[in-house]
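Position 1 of the sequence shown, counted from 1, bears residue number 1 in my numbering, the numbering being contiguous throughout.
Have a look at the structure below before the remarks.
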Amino acid sequence: MIYSMTGYGKSVLQLPTKKITIEIKSLNSKNLDLNTRMPSVYREKELDIRKLIASKLERGKVDFSIFVEITGEETTTQINTPVVKQYIKQLKDIVNSDETELLKMAVRFPDALNTERTDIDENEWKAVLNETKSALENINIYRLDEGRVLEQDFKTRVQTIATLLDNVIDIDPERVSAVRERLHKGVEDLKEKYDENRFEQELIYYIEKYDITEEKVRLKNHLEYFISALNSNDSNGKKLGFITQEIGREINTIGSKSNYAAMQKLVVQMKDELEKIKEQLLNVL
C-alpha cells in the first residue's frame, strides 16, 4: 500500500462570530517542505501545527493555510478618531472637497485604524486543532486514493517488463545461434585455414562472455521483489526507488551483452517502461 505525496484537504469550522477555513495542499518533495499561512493571533501555536503536520504527512511540499472570516459583530479593529480628525483638518487646508471624500482619504493614512492584539482563546484553538486534524485526515484519504492509481500503474508496467523479459528468454537461443553463425561466416570470409577445435573453444569462451543467464534470473527476482514491496505495509517511494535502480542495472547489462538487434529492441522497451516507473515514483511518499 502506497501513498502519493500529491493531495488536498479542507475543513471548515463555524463559530458564533467567525468562519474558520483550514486548507492543506501537498506536492512531491524529497523532504518535508512546509509553508504556513495563518492569522497573527494563532502564530504562537505555529510550532504545534508544524509538529502535527510533520507527524501525519512525513514528506512533501506542503502549504497549510488558516483563513478567518468574521460573520458576527466581533472585531478587533477600531477607528483612531483623534488621528482621523487631524488628517481631515490638514486635508481641508490642501484640498477643497466635502468631508465624505476627505474621510475616505484620511482612513487610508497611517495609524488611522487601530488593531488590538487579543490573546488566543484556548477553547477556540482546541476547535481549530481538531479541524486541522480533520483536514489532515482528508488529505491522507486523497493521498491514498492517488496512491492506489499509482500502484495499479506500477503493477501494469512491471508486468510489461516481465513479459518483455520472457520474450528475451525465448529468443536467447536464437541469439546464440545467430552469434555463432556470424562468427563462423566471419572466419570463413577470411579464406584462411583454421583449427576447428581451437575455433570451437574460442567460440564457447566468447559466447559465455555474453551469457545473460544470471542477469535474467536477477531481473526476474527484482521484479518480484518490487511487487512484494509494493504490497507491503511499509512500502515507500525511497525503498521502491532502490529496487528500480537494481532493475535498471540488470536491464542495462542485458542490453550491453545482447549483441543481437531483436534483443536490444526488447531492452529499449524495458528501459522505457522503467523510466516511466521512476518518474511516477517521485510522487510516492
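Ideal Cβ positions, reconstructed from N, Cα and C, are used throughout, including at glycine.
Euclidean distance between Cα positions of residue i and residue j
i	j	result
residue 248	residue 40	50 Å
residue 239	residue 271	19 Å
residue 145	residue 156	17 Å
residue 208	residue 233	41 Å
residue 63	residue 216	45 Å
residue 8	residue 137	10 Å
residue 280	residue 119	46 Å
residue 162	residue 143	28 Å
residue 258	residue 267	9 Å
residue 106	residue 100	10 Å
residue 290	residue 237	Residue coverage of the chain in this structure runs from 1 to 285, which leaves residue 290 outside it and unanswerable.
residue 1	residue 30	19 Å
residue 20	residue 69	6 Å
residue 251	residue 174	19 Å
residue 180	residue 213	17 Å
residue 226	residue 170	23 Å
residue 229	residue 235	6 Å
residue 88	residue 66	37 Å
residue 204	residue 260	17 Å
residue 231	residue 224	11 Å
residue 83	residue 96	20 Å
residue 285	residue 196	60 Å
residue 166	residue 210	18 Å
residue 81	residue 139	46 Å
residue 14	residue 28	32 Å
Candidates the options, of which the one nearest residue i by Cα
i	options	result
residue 164	38, 18, 263, 224	263
residue 104	85, 119, 121	85
residue 56	111, 244, 37, 134	134
residue 253	168, 226, 224, 180	168
residue 45	261, 125, 6, 277	125
residue 132	258, 276, 7, 12	12
residue 109	91, 123, 99, 119	91
residue 274	285, 246, 283	246
residue 79	265, 87, 112	112
residue 32	127, 58, 15	58
residue 42	10, 98, 122, 14	122
residue 3	261, 224, 148, 255	148
residue 219	244, 231, 196, 203	244
residue 160	284, 15, 277, 34	277
residue 127	269, 6, 197, 18	18
residue 129	201, 269, 10, 265	10
residue 334	211, 183, 48	Here the chain covers residues 1 to 285 and nothing more, so residue 334 does not appear.
Buried or exposed (CB count within 10 angstroms, at least 16 for buried), residue i
i	result
residue 154	buried
residue 177	exposed
residue 242	exposed
residue 206	exposed
residue 141	exposed
residue 37	exposed
residue 158	buried
residue 151	buried
residue 94	exposed
residue 283	buried
residue 71	exposed
residue 47	exposed
Delimiting residues of the alpha helix (DSSP H) encompassing residue i
i	result
residue 271	261–281
residue 221	213–231
residue 250	237–258
residue 83	81–92
residue 55	46–57
residue 105	99–106
Terminal residues of the beta strand (DSSP E) in which residue i lies
i	result
residue 10	7–14
residue 70	60–70
residue 33	32–37
residue 23	18–27
Closer than 7 Å: residue i CB and nearest the ligand COA heavy atom
i	result
residue 256	Judged by which ligands are present, the structure shown has none, so any question about the ligand COA falls away.
CB contact check: residue i to chain B, cutoff 8 Å
i	result
residue 18	Note that chain B does not occur in the displayed structure, where there is just one protein chain.
At least 3 beta-carbon pairs within less than 8 Å: the region 21–28 vs the region 53–70: The count of Cβ pairs closer than 8 Å, one atom from the region 21–28 and one from the region 53–70, reaches three, so the stretches are in contact.
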